[in-house]
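*Asks:* Under this note's numbering, the first residue of the sequence shown is numbered 93, with each subsequent residue one higher. Glycine is no exception: its CB is placed at the ideal position from the N, C-alpha and C atoms. Submitted below is the structure of interest, expressed as structure tokens.
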Amino acid sequence: MWDTKSLIKLITNLDQVYYRMSLPDGNYEFMSEGAKKVFGYSYQKFLNEPLFIKKIIHPDFKEYFQKKWADLVNGIIPNTSEYKIIDVNNNVRWILQSNSGIYNEENNIIAIEGICIDITHEKMAVKRSKTLDYSLKERLKELDFLYNLSVLLENRKLSIDQILWKTLDLIATAFQYSETINSKIIYDKKVYIKEDFEKSDRRLHIKENIYDKNLEIFIYYKKDRIFLEEERDLINELGIRLKNNLKHRITEEKYRKLIENAQEGIWTLDEKANTSFVNKRMAEMLGYTLEEMLGKSLFDFIDKEEVSRAKFLFNRRKKGLKEIHEFQFLHKKGKPIYTRMNTFPIFNNRGEFSNAVAFVSDITKIKKAEIEATKNRRRLEYLLNHSPATIYTAEVQNDYSATFISKNVKKMTGYDRREFLGDSQFWIDHIHPEDQAIVYKEVPMIFEKDFHSYNYRFRCKDGKYIWVYDSMELVRDKTGKPIEIVGFWRDITELKKAQLKLKKSEEKYRILIENQSDLVIKVDLEGRLLFVSPSYCKLFGKSEKQLLGKKFMPLIHEEDRENTFRAMKKLYEPPYSSHIEQRALTKNGWRYLEWVNTAILDENKKVKEIIGVGRDITEKKNALKRLEESEEKYRLITEKAHDLIEITDKKFKIEFINQRPHKEILGYTKDDVVGKNLFDFTHPDTRKRKKNLEKKLSVEYKEKPWIRIRKKNGKYIWTEIKISKFHDNEANLKYLFIGRDITENKKLIEEIQKQNEELKRIDKIREDLFESLSHEIRTPITSIKGYSELLLKNKNITDNQQAVEDIETIQRNITKLERLAIEMINYNEFQRDLVSYEKNNFKVSEIIKNIKKDLKIKLAEKDLDIIDTYRPDAFLNLDEFQISKLIKNLIDNAIKFSYPNSKIMINSKVENRSWTFSIRDHGVGMEKDDLKILFSRVRRSVKSNDIIKEGLGIGLTICKKIVDHYNGKIWAKSFGLGKGSKFIFTIPLDKEKP
93 MWDTKSLIKL ITNLDQVYYR MSLPDGNYEF MSEGAKKVFG YSYQKFLNEP
143 LFIKKIIHPD FKEYFQKKWA DLVNGIIPNT SEYKIIDVNN NVRWILQSNS
193 GIYNEENNII AIEGICIDIT HEKMAVKRSK TLDYSLKERL KELDFLYNLS
243 VLLENRKLSI DQILWKTLDL IATAFQYSET INSKIIYDKK VYIKEDFEKS
293 DRRLHIKENI YDKNLEIFIY YKKDRIFLEE ERDLINELGI RLKNNLKHRI
343 TEEKYRKLIE NAQEGIWTLD EKANTSFVNK RMAEMLGYTL EEMLGKSLFD
393 FIDKEEVSRA KFLFNRRKKG LKEIHEFQFL HKKGKPIYTR MNTFPIFNNR
443 GEFSNAVAFV SDITKIKKAE IEATKNRRRL EYLLNHSPAT IYTAEVQNDY
493 SATFISKNVK KMTGYDRREF LGDSQFWIDH IHPEDQAIVY KEVPMIFEKD
543 FHSYNYRFRC KDGKYIWVYD SMELVRDKTG KPIEIVGFWR DITELKKAQL
593 KLKKSEEKYR ILIENQSDLV IKVDLEGRLL FVSPSYCKLF GKSEKQLLGK
643 KFMPLIHEED RENTFRAMKK LYEPPYSSHI EQRALTKNGW RYLEWVNTAI
693 LDENKKVKEI IGVGRDITEK KNALKRLEES EEKYRLITEK AHDLIEITDK
743 KFKIEFINQR PHKEILGYTK DDVVGKNLFD FTHPDTRKRK KNLEKKLSVE
793 YKEKPWIRIR KKNGKYIWTE IKISKFHDNE ANLKYLFIGR DITENKKLIE
843 EIQKQNEELK RIDKIREDLF ESLSHEIRTP ITSIKGYSEL LLKNKNITDN
893 QQAVEDIETI QRNITKLERL AIEMINYNEF QRDLVSYEKN NFKVSEIIKN
943 IKKDLKIKLA EKDLDIIDTY RPDAFLNLDE FQISKLIKNL IDNAIKFSYP
993 NSKIMINSKV ENRSWTFSIR DHGVGMEKDD LKILFSRVRR SVKSNDIIKE
1043 GLGIGLTICK KIVDHYNGKI WAKSFGLGKG SKFIFTIPLD KEKP
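Right, here's the structure in full:
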């Protein structure tokens, strides 16, 4: 049976493009992932942009496309069409498109569906063939000198020099090169006449040449003699005849080779539909040799069902009709061959039909792909439209935005799927606020186990919430890299209500359910059924009337009847009861049933009837079988594991070990260890911690302690132990110990710990230096700034323009130095958690307005424009000073790295008790590696020499500290080098660190 996942995977892995487009709006309802291979664009482009194909049509085909589109809207569907497009790399591609229409009940066309194939390679092959043909024609023009050849081909009574007679063979040889053009060397002799006007005579020249495979000439021999005047008329006449005859031979030979070696089938039929000619390709197409096809009737190569159509088409050729159509032939092995035929008739000089010619292309692969695609599309369409679940695919990064959603999402939520695909935040924005944290926690878990499911509430278009069951599967490529999430949503609102109702009534019916028997029957001493419970009737698929009075034994498996007889015999002796397991033929096939039978005695203590209480234990039997298989499987796994595995009782008495690792690592066998206490094999230091370990194991224990274990030779190794507790089938507490030898790793870890301690000490020194240095610098900065301002007020100074400029330079650099000192102080305060936060009511627009004023000069210097939007411009209750610092750092960062004469876009959005702020610049952008360490301490990475960078580069670190205080998130996106960046942060308005 096809499942949704298999169908999606099948369609998306094909090289062709399968699509469905609604009319007349031109929206693509489906587009397979083959779009990338055929068009060069992803399928999302087509789904998100109506009539996207129109944007990439080659200019030569714009008018053609408009006409075809008008035909489509009017219900005229072309079977096939060819056109050119411009792909994403600006290359030209030829596309072959096959269409079919979809109609509603009123027979109006509502959509088209079909397949597209890239035929660029085939088109180029045709072009090369035409180029070769042109080359041959050009070579024929070089033979014009034949008009002046002196050749004797007929028996004329003329006294001619014997040299001319000899040239007859030379000339005949000269033009054989067209017949031997595929050989490595071509031998060529030419005879021609050359006029020498200075000597006033004509000379007959003979050239003997050798041509290589590239038709390059090497002159081998030549001579000439005086041309005889009386030879002129004869030479001219014979030269013309030779030329015409030779051209005919060359043309005929050229086309004969083209036809024989053509990659397209060529088939000629006589007036009786018998094969008069067939080329090699046509014979290979049908699995025959040339000899097997020649003389055979057309009808010998087709299925009986196609004969009437073949006769109809052949009669149309006799009437002089040319046609292109598809036709199905029968291969020699009996398999169908689908073809596309270009057919035309040939008439003789009397106007009578003589032949029908067909150029035949094998389209079997395309046809089969079309048939399979139609089947797959219908299966997938049925599944998607009739499934109670909504199928979707999503990205594996960022906000997990949907890339595909089935149309039935509208039935489930009231929203059109385009609303999900058009807004990456649409899905998460409609999840119940109380469930959003759950979703953010649950979704990433798919990367751990590839399958995951969870529940949450979703707000529908009518404003009501429904409970959604979300099941996901992670799709990976051949390298194991995650590429896509595939899943489905199912409305479980009614199930949730039922569960709630069931929970309320659970206690009421618990006792009844626990004591209820599955099957109850009563039989007489002959084994005839006197009573059957409804559950018994249901199990066997029979009514009470059909069962009563019938014997139960025929329902029992033959191999189990003897045991059943013995169990029934025990009922006649104390304690008048028996137990039996047997197979019975139910409506679901053979099932294992377990029965407890009790005899009913009369007044004389004689058995008069038998009561049987039974239940279906098939699943239990299967489970036991699976358990046995599982135990064997896991036994093999534990033996092949490299870790030490031990199971103990609650007092740490060893009950099980995996023998091979114990032997290889510790030197112990099973007999050395099993039955002894685990701590007998540990270092004395570990035994001292035994009571502490028992106390920790009384609750959930997630630590992985390091302990030393004694080997058989007396030496100790360090192991990392993972401890789990469980209960066996008899509810006895057990411990599972999994140990890994980390002796070598521990040495490395100890060295790393020493290095970390040293780094912490250095970090403390650096922070103290920052604090001291920043405060020490500010005092001389203030003095220098004050004195420079006084100097500018001194008339003696102001009269000196050079002095004024120098002092202004000092002031600018003092301002930079002062800013650095402030950054150092701010950074140090954040690092030491010395920053205090207050709560103020303010609007983000007010902060932006003030920052614009503060940065007015900087904005003007680069001719930058800030465009800010607020949805809505609501009051926030946060620390206005720290939020101002956060936003100013981001805006200042955007100004630094923006290109001149560009825009900075700011967007503030408050929704569902969360504030989202983003700032987008059009500047130098960043590389992916920069994004990973963007908010780390004192780092800067800019890929442009045109941007001036100032400061310590700790502004983004401070931004992250502020956002972290409010339990928010901050991240950045880059649109590529030279294309700008975008910074976003979100702050929950009801969560703040104490």
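So what does A203 bridge to, in DSSP terms?
*Replies:* Along the sequence shown, read from residue 1 onward, the residue named residue 203 stands at position 111. DSSP, once it has assigned bridges, lists S114, I194 as partnering A203.
*Asks:* Considering only the beta carbon of each residue, do T961 and W1007 sit closer than 8 Å?
*Replies:* Residue 961 sits at position 869 when you count from the first residue of the sequence shown. Residue 1007 sits at position 915 when you count from the first residue of the sequence shown. No.
*Asks:* Is the beta carbon of I1025 closer than 8 Å to that of I1011?
*Replies:* By one-based count along the sequence shown, residue 1011 stands at place 919. By one-based count along the sequence shown, residue 1025 stands at place 933. Cβ atoms of I1011 and I1025: not closer than 8 Å.
*Asks:* Classify H819 as helix, strand or coil using the three-state DSSP reduction.
*Replies:* Here residue 819 corresponds to residue number 727 of the sequence shown, with the count starting at 1. Strand at H819.
*Asks:* Find the nearest neighbour of G555 within the set K852, D772, I523, judged by alpha-carbon distance.
*Replies:* Position 463 of the sequence shown, counting from 1, holds the residue named residue 555. Out of K852, D772, I523, I523 has the C-alpha closest to the C-alpha of G555.
*Asks:* Could you check where the alpha helix (DSSP H) with H1057 kicks off and where it finishes?
*Replies:* In the sequence shown, counting from the first residue as 1, residue 1057 sits at position 965. From DSSP, the alpha helix (DSSP H) with H1057 extends over 1047-1057.
*Asks:* So, using beta-carbon positions, are A461 and I187 closer together than 8 Å?
*Replies:* In the sequence shown, the residue the question calls residue 461 occupies position 369. In the sequence shown, the residue the question calls residue 187 occupies position 95. No.
*Asks:* Just curious, the alpha helix (DSSP H) that E654 is in, first and last residue?
*Replies:* Translated into positions along the sequence shown, residue 654 becomes position 562. Residues 650-662.
*Asks:* Less than 7 Å between C-beta atoms, sequence neighbours within five positions excluded: which residues of the same chain meet that for S493?
*Replies:* One-based indexing of the sequence shown puts residue 493 at position 401. Answer for S493: A486, E487, S516, listed in chain order.
*Asks:* Helix, strand or coil: which one does DSSP assign to A365?
*Replies:* Along the sequence shown, read from residue 1 onward, the residue named residue 365 stands at position 273. Of the three classes helix, strand and coil, the one that applies to A365 here is coil, per DSSP.
*Asks:* DSSP beta-bridge partners for R683?
*Replies:* Taking the first residue of the sequence shown as 1, we reach residue 683 at position 591. BP columns for R683 point to A676.
*Asks:* Taking C-beta to C-beta, are T740 and F818 nearer than 8 Å?
*Replies:* Stepping through the sequence shown from its first residue, residue 740 is reached at position 648. Stepping through the sequence shown from its first residue, residue 818 is reached at position 726. No, Cβ-Cβ distance for T740 and F818 is not below 8 Å.
*Asks:* Cβ of V449 within 8 Å of Cβ of F436?
*Replies:* For this step, residue 449 is matched to residue 357 along the sequence shown. For this step, residue 436 is matched to residue 344 along the sequence shown. It is a contact, given that the beta carbons lie within the stated cut-off.
*Asks:* Between which residues of its own chain and K826 is the CB-CB distance below 8 Å, once the five residues before and five after are set aside?
*Replies:* By one-based count along the sequence shown, residue 826 stands at place 734. Excluding residues within five positions, the ones whose Cβ falls inside 8 Å are I739, T740, D741, K742, E747, K817, F818, H819, D820.
*Asks:* Here's the rule I'm using: 16 or more other beta-carbon atoms within 10 Å means buried, otherwise exposed. How should E665 be labelled?
*Replies:* Taking the sequence shown and counting its residues from 1, the one referred to as residue 665 is at position 573. Exposed.
*Asks:* In chain order, what residues of the same chain lie with their CB nearer than 7 Å to the CB of K768, ignoring the 5 residues before and after it?
*Replies:* Walking along the sequence shown from the start, residue 768 turns up at place 676. If we look at K768 and ignore the five residues flanking it on each side, its Cβ neighbours are I746.
*Asks:* Would D971 be called buried (16 or more neighbouring beta carbons within 10 Å of its own) or exposed?
*Replies:* Looking up residue 971 in the sequence shown gives position 879. Looking at its Cβ environment, which holds 16 or more other Cβ atoms inside 10 Å, D971 is buried.
*Asks:* On a Cα-Cα basis, can you pick out the residue from F131, I463, N166, D946 that is closest to N73?
*Replies:* Since the first and last residues shown for the chain are 93 and 1086, residue 73 lies out of range.
*Asks:* One question on the structure: do N547 and V560 come within less than 8 Å of each other, judged by their Cβ atoms?
*Replies:* Taking the first residue of the sequence shown as 1, we reach residue 547 at position 455. Taking the first residue of the sequence shown as 1, we reach residue 560 at position 468. Going by C-beta atoms, N547 is nearer than 8 Å to V560.
*Asks:* Would you give the residue range spanned by the beta strand (DSSP E) that Q420 belongs to?
*Replies:* Against the sequence shown, residue 420 aligns to sequence position 328. Its beta strand (DSSP E) spans residues 415-422.
*Asks:* Does the count of Cβ pairs from the region 564-573 and the region 585-594 closer than 8 Å reach three?
*Replies:* The region 564-573, when compared against the region 585-594, does not touch it at the 8 Å Cβ threshold.
*Asks:* With a threshold of 16 other CB atoms inside 10 Å of the CB of A465, please say whether the residue is buried or exposed.
*Replies:* The residue you call residue 465 lines up with position 373 of the sequence shown. Buried is the call here.
*Asks:* Taking Cβ to Cβ, would you say L640 is nearer than 8 Å to L611?
*Replies:* The residue given as residue 640 occupies position 548 in the sequence shown. The residue given as residue 611 occupies position 519 in the sequence shown. Cβ atoms of L640 and L611: not closer than 8 Å.
*Asks:* In the DSSP assignment, the alpha helix (DSSP H) including T890 goes from what residue to what residue?
*Replies:* Translated into positions along the sequence shown, residue 890 becomes position 798. First-last of the alpha helix (DSSP H) with T890: 887-890.
*Asks:* Please state whether DSSP places V109 in a helix, a strand or coil.
*Replies:* Position 17 of the sequence shown holds residue 109. DSSP places V109 in strand when its eight states are reduced to three.
*Asks:* When you compare each of S1066, Q591, M660 to D1022 by their alpha carbons, which one comes out closest?
*Replies:* Position 930 of the sequence shown, counted from the start, is the residue given in the question as residue 1022. Closest option to D1022, Cα to Cα, is S1066.
*Asks:* Within a Cβ cutoff of 7 Å, which residues of the same chain sit near T172, ignoring the five residues on either side of it in sequence?
*Replies:* Your numbering for residue 172 matches position 80 in the sequence shown. Correct list, in chain order: L188, Q189, S190.
*Asks:* Out of W1063, G831, Y110, state which residue places its alpha-carbon closest to the alpha-carbon of K467.
*Replies:* Position 375 of the sequence shown, counted from the start, is the residue given in the question as residue 467. That would be Y110, whose Cα lies nearest to the Cα of K467.
*Asks:* Assign F138 to one of two classes, buried (16 or more other C-beta atoms within 10 Å of its C-beta) or exposed (fewer than that).
*Replies:* For this step, residue 138 is matched to residue 46 along the sequence shown. Label assigned to F138: buried.
*Asks:* From N182, L956, D965, pick the residue whose C-alpha is nearest to that of S937; which is it?
*Replies:* Counting from one through the sequence shown, the residue named residue 937 turns up at place 845. Nearest of N182, L956, D965 to S937, Cα basis: D965.
*Asks:* Just how far apart, CA to CA, sit N680 and P480?
*Replies:* In the sequence shown, counting from the first residue as 1, residue 680 sits at position 588. In the sequence shown, counting from the first residue as 1, residue 480 sits at position 388. If you take the alpha carbons of N680 and P480, they lie about 27 Å apart.
*Asks:* For W519, does the count of other Cβ atoms within 10 angstroms reach 16, so buried, or fall short, so exposed?
*Replies:* Numbered from its first residue, the sequence shown carries residue 519 at position 427. The residue in question, W519, is buried, as its Cβ has 16 or more Cβ neighbours within 10 Å.
*Asks:* Starting from the Cα of N366, find the closest Cα among E398, G412, K403 and give me that residue.
*Replies:* Walking along the sequence shown from the start, residue 366 turns up at place 274. Answer by Cα proximity: K403.
*Asks:* Let me know if R963 comes out buried or exposed under the rule of 16 or more other beta-carbons within 10 Å of its beta-carbon.
*Replies:* Position 871 of the sequence shown, counted from the start, is the residue given in the question as residue 963. By the 10 Å Cβ count, R963 comes out exposed.
*Asks:* Which two residues bound the contiguous beta strand (DSSP E) that contains D454?
*Replies:* Within the sequence shown, numbered from 1, the residue matching residue 454 stands at position 362. Here the beta strand (DSSP E) through D454 covers 445-454.
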